[in-house]
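Trainee:
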Amino acid sequence: MTDTNTTLTGSAPAGAPPMRTIGFADVKASLADGWADFRAHPGFGLFFGGIYMLGGWLILAFLNRVGAPWMIIPLAIGFPLLGPFVAVGLYEVSRRRRAGEPVTRKGVLAQVFYQRERQLGWMAFVVMFIFWVWVYQVRLLFALFLGFKSFSRWDAFVQIVLSTPEGWGFLIVGTIVGAFLACVLFSTTVIALPMLAEREVDFVTAMITSVAVVVKNPVPMLAFGFIIGLATFVALLPAFVGLLVILPVLGHATWHLYRRVSAPV
279 MTDTNTTLTG SAPAGAPPMR TIGFADVKAS LADGWADFRA HPGFGLFFGG
329 IYMLGGWLIL AFLNRVGAPW MIIPLAIGFP LLGPFVAVGL YEVSRRRRAG
379 EPVTRKGVLA QVFYQRERQL GWMAFVVMFI FWVWVYQVRL LFALFLGFKS
429 FSRWDAFVQI VLSTPEGWGF LIVGTIVGAF LACVLFSTTV IALPMLAERE
479 VDFVTAMITS VAVVVKNPVP MLAFGFIIGL ATFVALLPAF VGLLVILPVL
529 GHATWHLYRR VSAPV
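Those letters in the sequence shown? Residues 279 to 543, by this note's numbering.
1. Ignore the nearest five residues each way along the sequence and tell me which others in leucine 521's own chain have a CB closer than 6 Å to its CB.
2. What is the rounded straight-line gap between the Cα of tryptophan 400 and the Cα of serine 441?
3. For arginine 343, I'd like the list of residues in its chain whose CB is within less than 7 Å of its CB, leaving aside the five on either flank, ordered along the chain.
4. If you drop the 5 nearest sequence neighbours on each side, which residues of the same chain put their C-beta closer than 7 Å to that of serine 372?
5. How big is the Cα-Cα spacing for tryptophan 313 and methionine 485?
6. What residue range is occupied by the uninterrupted alpha helix (DSSP H) comprising threonine 382?
7. Any idea which residues DSSP pairs arginine 317 with across the strands?
8. Looking at alanine 470 and threonine 453, is the spacing between their C-beta atoms short of 8 Å?
9. Distance check for lysine 494 and proline 380, CA to CA, integer angstroms please.
10. Tell whether a beta-carbon distance below 8 Å holds between leucine 398 and alanine 460.
11. Between glycine 385 and arginine 374, how many whole angstroms is the CB-CB distance? I'm expecting something under 8 Å.
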């Protein structure tokens, strides 16, 4: 953290730590630290990333079975929205490594299961609700722009979407709505989730603090969100295999960005 960082006075609710302004250097350093954590303890990263890779394969198999392979796009993009909860284990790895504590499977997994008794569990309802809205709006826009057609083949769906005015409208409006939902989810969780994993604060306080940090640091924070979105999309392309590395690195990086934005208390 640079000496030029200043505390965001009045931006942290009661019970939350004061927050600092950050710059692009902090985002870059957090990503570098995330990569360093992954390299130091790749087993944890591959384990947690593997959970989402396998989840993606199951989703794809289910959609092929029910004859709706085109739904893999919204579900694949929305599925990693649930990633922060697996990222609790990654936060713990980063915390222990930063504090010089031993990084053990028992200690890390115990922290993941311990979250069931804390406020982080309530955040699951927030994330799941936004994920449900995401899937519902895709179905709604599909009905509005493309009618109630059923695409049993992936190439038929791609052809309609890319070659017709209705398909273009579906892509444009869907992208705008999806970007808005992604921005809402990112703003309410990017700082809240690591804060809840570390501190005994209520989830509403954590969400308010997270939004305040994004509002006070819109350019670097949204740049970090864009990096997350782009990296996750690229990770999805090779049959979800990229999630093995991308999700762990981003999870570690999120922890380090939270630590950089948190003022000493």
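Don't be surprised by glycine CBs; every beta carbon is placed ideally from N, CA and C. The model shown is predicted, which means the values in this text are computed figures rather than measured ones.
Mentor: Walking through what the data contain:
1. Excluding positions up to five away in sequence, the list reads Gly327, Tyr330, Met331 and Ala513.
2. As the crow flies, the alpha-carbon of tryptophan 400 is around 43 Å from that of serine 441.
3. Closer than 7 Å at Cβ, skipping near neighbours: no residue.
4. Result list for serine 372: Asp315, His530, Trp533 and His534, in chain order.
5. Taking the straight line from one Cα to the other gives about 26 Å.
6. Taken as a continuous stretch (DSSP letters only), threonine 382 belongs to no alpha helix (DSSP H), as it is neither H nor E.
7. Per DSSP, arginine 317 has no beta-bridge partner at all.
8. Not closer than 8 Å, so no.
9. Proline 380 and lysine 494: Cα-Cα distance of roughly 35 Å.
10. Between leucine 398 and alanine 460, the C-beta spacing is not below 8 Å.
11. Yes, they are in contact, since the Cβ atoms of glycine 385 and arginine 374 sit about 7 Å apart, within 8 Å.
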